[in-house]
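A.B. asks: Shown below is the structure under consideration.
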Ligand code: IDP
Ligand code: MG
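Numbering (the working numbering), first residue to last: 20 to 168.
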């Protein structure tokens, strides 16, 4: 089992897409193990997007991510990191495949409604940045025997 960090960005919240996005993860058999709704501080935004510092879109990206509440979560499942990146789709919604979250719900790279960790190391780093250990819940889902052989 693998865990990944996922965030519905301020535009996803404002556009009332939380329910539709969560439905996709639930229907895929993925398991939510942590979740919180929060207004991202400047400090957290800068830490989260550290690797983009200095890029032309950096300032607007920080402004965007701190502009309103987000839904942050940790999702668990087999191969969850790669699986969820595929479900999310390409960074630029114009290039995202239909059927992906970005491909179905967005128009512009600067308003792409969702974030998901891109690799094992970043998933671990982001989970630790956004959640305390005691905010992540270990539990069994009753349908696990029907989802995994
Ligand atoms: P990702 O979210 O698909 O991992 P990254 O390349 O890591 O994509 O970029 C992080 C975020 O920065 C993107 O999701 C998007 O919100 C924003 N971003 C990336 N490239 C651009 C750009 O060229 N213009 C505006 N925003 C961008
Ligand atoms: Mg990224």
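Quick reminder that beta carbons are idealized off the backbone N, C-alpha and C, glycines included.
None of the values given here were measured: they were computed from a predicted structure.
#1: Just mark residue 55 as buried or exposed, buried being the case when its beta carbon has 16 or more other beta carbons within 10 Å.
#2: Reducing DSSP to helix, strand and coil, say where residue 108 ends up.
#3: When the Cα atoms are used, what is the spatial distance from residue 78 to residue 85?
#4: With DSSP as the reference, please indicate the residues paired to residue 24 in a beta bridge.
#5: Provide the residue(s) that pair with residue 54 in DSSP beta bridges, ordered along the chain.
#6: Distance check for residue 64 and residue 135, CA to CA, integer angstroms please.
#7: Counting along the chain, where does the alpha helix (DSSP H) carrying residue 84 start and finish?
#8: When DSSP labels each residue in this structure, what does residue 99 get in the three-state scheme?
#9: Compute the Euclidean distance between the alpha carbons of residue 42 and residue 100, then round it to the nearest angstrom.
#10: So, at 8 Å on beta carbons, what are the nonlocal neighbours of residue 117 in its own chain, with the 5 sequence-adjacent residues on each side left out?
#11: Note the first and the last residue of the continuous beta strand (DSSP E) segment covering residue 134.
#12: Which value, in whole angstroms, describes the spacing of the CA atoms of residue 94 and residue 87?
#13: Would DSSP call residue 34 helix, strand or coil?
#14: Please tell me whether, using a cut-off of 8 Å, the distance from the CB of residue 127 to the nearest non-hydrogen atom of the ligand MG is below it.
#15: Mind reading off the beta-carbon distance from residue 71 to residue 145? Whole number of angstroms is fine, and I expect it under 8 Å.
#16: Residues in the same chain with beta-carbon distance under 7 Å from residue 98, minus the five sequence neighbours each way, listed in chain order, please.
C.D. replies: Let me spell this out:
#1: exposed
#2: coil
#3: 11 Å
#4: 93
#5: 92
#6: 14 Å
#7: 77 to 84
#8: helix
#9: 18 Å
#10: 123
#11: 133 to 135
#12: 22 Å
#13: coil
#14: no
#15: Not a contact, Cβ separation roughly 14 Å.
#16: 21
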